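Here is the structure we will look at.
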Amino acid sequence: MTRLSNQTLSTAKAAKPQYDRAAVKVGIVHLGPGAFHRAHQAVYTDDAMAVSGGDWGICGVSLNSRGMAEALSPQDGLYTLTLRDKSPSNRIIGSVKEVVCAKDDPDYVLAKLSHPDVSIVTMTITEKGYALLGNGHLDVDNAGIAKDVESPRNPSSAIGYLVEACRLRRAAAVPPLTLISCDNLPSNGDKLKTVVTEFAALIDGPLADYITGHVRFPNTMVDSITPATDDGVIEAVSVATGLHDAAPVQREAFSQWVIEDNLPEHRPDWEAAGATVTSDVHSFEMTKLRILNGAHSTLTYLGLLAGEVSVEDAISNPTLRDFVDALIPSETIPTIEAPKGLSLSGYWSQIIARFENPNIVHLLEQISHDGSQKIPARIFPVIEHHMNTGHVATRACFVVAAWIEFNRQRRAAGNPPTDGYLTHNITLLPSSELDAANYADAFLKIEAVIPKKLAEHADVRASIIHAAKAIADDGVINAAQSILNP
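Structure (structure tokens):
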């Protein structure tokens, strides 16, 4: 079948970019051009150029993997977005102009990052890409960070590239960058600023001062369920569009991007594309992290322990549905100050409907990755809120227990969970030969992952250990039912 490219674009049986793509220059560099970025920020940018124009083409940079560059380069950066909803649709996204692998051509990447035409760097590098310790500071012992501190002119990590780009721009008197994190981290812009400036301070104090005073780090919140692309998606897109696309992306129709009002005057017209620019990202962020992402993690670890495969499978399991539908209203929502005009109960009902979408196959295994970075943002704050009011959030504690027991069972079976931080710090983990209660007890002593205040709270600790033992002894469904019906 003919491959999607600039040359064949006109024949595609799908909506096409509504601007002169050939005339658009690269104005954005994106680190981590995976499925979520291409289904989300790249689409907002595509829409913004269609409405308001501008040279906001994207250079996608994969730090290590060649896969995306190999898939998209023959397609001139073009790919298909397929919306999986009641009325599925396809459109070709044109905002990505090129994709490169930094490992193969680091000089080209640094030249792009420091080019005067580029003023914005966005990133989806996952939680582990920020090299954050549990206390919110830079992990100087992280292998990539340590290497880049020793050789800052030859970076390999995302943070190293950003700092070197800032140095090059300062030296050449090129205007400073705006660095926009699009990862599911609370206060992601603030965290990015912390690690970038702390890294810079290790190698060049005046550079750290320059970054602090001139580089913008807006906080953001992103949302759209984006399952991984598989062969079935590639085949369906090829049939629908009449062209072979090696890297299509799929997502639900719902999409949300909330950006802190800390942006330069010269930027894409993302508001015209539907983004929200506000001074109150925090409320949106907490709402999404604790309700949607918290529910995702709940369904994931309970669901995988119960043998479920996808989010739809898990929400269709009566016990798991009852459990998450009790957790969110009774324990999670009371911890959130709602954004102005938003009904939290209505938001939760909307999320349930999104989870039940039969056209989206969102694999629990995919969501389970990097739990040590996700659970602290999604579940721990719920537990700590109730601790501060003198109560134990038993359902939230059960989720933590399920995550710990999932970790133990998978490690004991020789199939450890995908978790970059724990893999890098494997010596922190207790022996998987321990029984569930003792494993949970030891796991709760990992101070780099578990907040000391939470781990040392006798009732919370007992609740988690008891739940881990019940899951191991009785199975997750029976154990969850005992929490629902004490």
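FYI, numbering that gives the first Met the number 0 numbers position 483 of the sequence shown as 482, with every residue one higher than the one before it. We put the CB at the ideal spot given by N, CA and C, even for glycine. Since the model is a prediction, treat every value here as computed from it, not as a measurement.
| Asked | Found |
| --- | --- |
| Completely contained alpha helix (DSSP H) runs for the region 269 to 309, where each covers 4 or more residues | 280 to 286 and 293 to 304 |
| Contact belief for E404 with A305 at Cβ below 8 Å, rounded distance in angstroms | The pair is not a contact, with the Cβ atoms about 12 Å apart (cut-off 8 Å). |
| Through-space distance from P16 to A487, alpha-carbon basis | Look at the range of the chain in this structure, 0 to 485, and you will see that residue 487 is not part of it. |
| Same chain, Cβ closer than 7 Å to A436, five either side skipped, listed in chain order | I464, A467 and K468 |
| Pairwise C-alpha distance: I382 and T225 | 28 Å |
| A392 (DSSP reduced to helix, strand or coil) | coil |
| For M0, the first and last residue of its enclosing beta strand (DSSP E) | Here M0 belongs to no beta strand (DSSP E), and DSSP marks it neither H nor E. |
| R289 vs P380 beta-carbon contact at 8 Å | yes |
| 8 Å Cβ cutoff met for V310 and M386 | no |
| A172 to K146 span [Cα, whole Å] | 27 Å |
| Inter-residue Cα distance where the pair is N89 and L3 | 13 Å |
| G159 classed as buried or exposed, judged by whether at least 16 other C-beta atoms fall within 10 angstroms | buried |
| V108 vs S72 beta-carbon contact at 8 Å | no |
| E355 and I327 closer than 8 Å at C-beta | no |
| Inter-stretch contact at 8 Å, needing at least 3 Cβ pairs: the region 177 to 194 / the region 261 to 276 | yes |
| Three-state secondary structure assigned by DSSP to Q6 | coil |
| Residue from A252, V214, N134 and L30 whose Cα sits closest to the Cα of I359 | A252 |
| Cutoff 7 Å; reference I124; Cβ partners in own chain excluding five residues on either side | L30, G31, A157 and D182 |
| Status (buried if at least 16 other CB within 10 Å, exposed otherwise) for A21 | exposed |
| Member of H390, D19 and N134 whose CA lies at the smallest distance from the CA of P333 | H390 |
| Opening and closing residue of the beta strand (DSSP E) in which Q17 lies | Taken as a continuous stretch (DSSP letters only), Q17 belongs to no beta strand (DSSP E), as it is neither H nor E. |
| Simplified DSSP state of N183, which is helix, strand or coil | coil |
| Buried versus exposed, by CB contacts within 10 Å (16 or more), S367 | buried |
| N- and C-terminal bounds of the beta strand (DSSP E) containing D222 | T219 to D222 |
| Three-way DSSP call (helix, strand, coil) for T123 in this model | coil |
| At least 3 beta-carbon pairs within less than 8 Å: the region 471 to 480 vs the region 316 to 327 | yes |
| Proximity winner among P217, P429, V195 and M220, relative to D208 (alpha-carbon distances) | V195 |
| V139 beta carbon less than 8 Å from that of I27 | no |
| Cβ-based neighbour list, L291, same chain, cut-off 7 Å, excluding 5 preceding and 5 following | D222 and I350 |
| Assigned exposure category for D440 - 16 Cβ within 10 Å defines buried | buried |
| Alpha-carbon spacing of D229 relative to M67, whole angstroms | 14 Å |
| Span of the beta strand (DSSP E) around H29 | V25 to L30 |
| E432 versus A411: straight-line alpha-carbon distance, rounded | 7 Å |
| Contact test: D312 Cβ vs the ligand GTP heavy atom, cutoff 7 Å | For the ligand GTP, the structure offers nothing, since it holds no ligand at all. |
| Same chain, Cβ closer than 8 Å to A130, neighbours up to 5 away in sequence not counted | L137, D138, N141, G143, I144, S156, I158 and V194 |
| CB contact flag (A272, D46, <8 Å) | yes |
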